[in-house]
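Numbering (my numbering), first residue to last: 32 to 100. These notes concern the structure reproduced below.
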Amino acid sequence: MSKGLDYTAITLVIIGAVNWGLIGFFKLDLVNLIFGNLTWISRLIYALVGLSGLYLLSLYGRVASFGEK
């Protein structure tokens, strides 16, 4: 179960990173373009990307403990 959650979180964080790259380089917010300016679905996407980033903070502890085994 954890592996599936890890892959889902990584995928969402990559989507968020690509969106931020588009904003930084081209002033193009892809989520806003597709789903509208802060509609409930775009806010949900932003929230899921943010939660995924926070979840992946735990990856540091898991990788460090994996190296000690």
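Glycine included, C-beta positions come from ideal geometry on N, C-alpha and C.
query, result
"Does DSSP put K58 in a helix, in a strand, or in coil?", "coil"
"Measure the alpha-carbon distance for V80 versus A95 and round it to whole angstroms.", "24 Å"
"Quick check on DSSP: helix, strand or coil for K50?", "One point to set straight first is that residue 50 is Asn, not Lys, in the sequence displayed. Looking at N50 - three-state DSSP - the assignment turns out to be helix."
"Measuring only the C-alpha atoms, how far is L90 from V44?", "13 Å"
"Just to confirm, are L53 and L61 a CB contact at a threshold of 7 Å?", "yes"
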